[in-house]
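**Student:** Under UniProt numbering, the first residue of the sequence shown is numbered 1, with each subsequent residue one higher. All residues carry an ideal CB built from backbone N, CA and C; glycine is no exception. Bear in mind the structure is a predicted one, so any value in this text is a computation, not a measurement.
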Amino acid sequence: SFEALEMDELTKALIETVNFAAIKHRHQQRKDGHTPYINHPIVEDTDTTPEEIEEHFGSRVRAIVDEVTDDKRLPSEVRKRLQIEHAPHSSHEAKLVKLADKLYNLRDLSTTIPLGWNEQRVQAYFEWSEKVVHGLRGTNKPMEQALDQVFEARRALNDKIPKSK
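#1: Taking all protein chains shown into account, decide if V78 is buried (16 or more other Cβ within 10 angstroms of its Cβ) or exposed.
#2: Rounded to a whole number of angstroms, what is the C-alpha to C-alpha distance between S129 and D8?
#3: Just to check my reading of the structure: R62 and I53 have Cβ atoms closer than 8 Å, yes? What is that Cβ distance to the nearest angstrom?
#4: Return the Cβ separation of L99 and V122 in integer angstroms, given the expectation that the two are a contact with Cβ distance under 8 Å.
#5: Identify whether T111 lies in helix, strand or coil by the three-state DSSP scheme.
#6: Identify whether S1 lies in helix, strand or coil by the three-state DSSP scheme.
#7: Quick check on the DSSP output: the alpha helix (DSSP H) that includes G116 runs from which residue to which?
#8: Any chance the segment 78-95 sits against the segment 103-117, with 3 or more Cβ pairs inside 8 Å?
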């Protein structure tokens, strides 16, 4: 497990993990269309199998990846509802991954609207994310506080936008 690793071993494991993810995601970009990414939904977004994750990183990492992987065969709205429902019951490690993912995505959305998105879709993502984060609370105070700042900034921005009648 990662807890038992010495600093040199942890650094080596981190480099190997980043390299593995970078290779798997090499032809993908973030939603802005030009920024490359390495991210947790490796099983969703690449040809990587859960067995391959276990082979490279062990059963504990596979279990975490399994927890945070959506079933792409389901409609988007069902996947979103399941994320809200499953959030409070996830392992501590999966909650950390979800919090970090939401924080990174929401910070991105605060500065750049993805290709093919409009303001309403961005707002809907913020509202849905806040429901997911609610179920993750009590996991990591600094990340939760950072997310609260992002949500507050979004609400302040919304308050400045004139409402159409």
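**Tutor:** Answer, in terms of the structure:
#1: exposed
#2: Roughly 36 Å between the two C-alpha positions.
#3: At roughly 5 Å, the Cβ-Cβ gap stays under 8 Å, so R62 and I53 are in contact.
#4: With a Cβ gap of about 20 Å, L99 and V122 do not count as contacting.
#5: In this structure, T111 counts as helix in the three-state DSSP scheme.
#6: Confidence in S1 is poor, its pLDDT being 48 and thus under 50, which makes the residue's placement unreliable; the coordinate value appears in the next sentence. In the structure shown, S1 sits in coil (DSSP, three-state: anything other than H, G, I, E or B).
#7: G116 -> no alpha helix (DSSP H), and no H or E assigned at all.
#8: no
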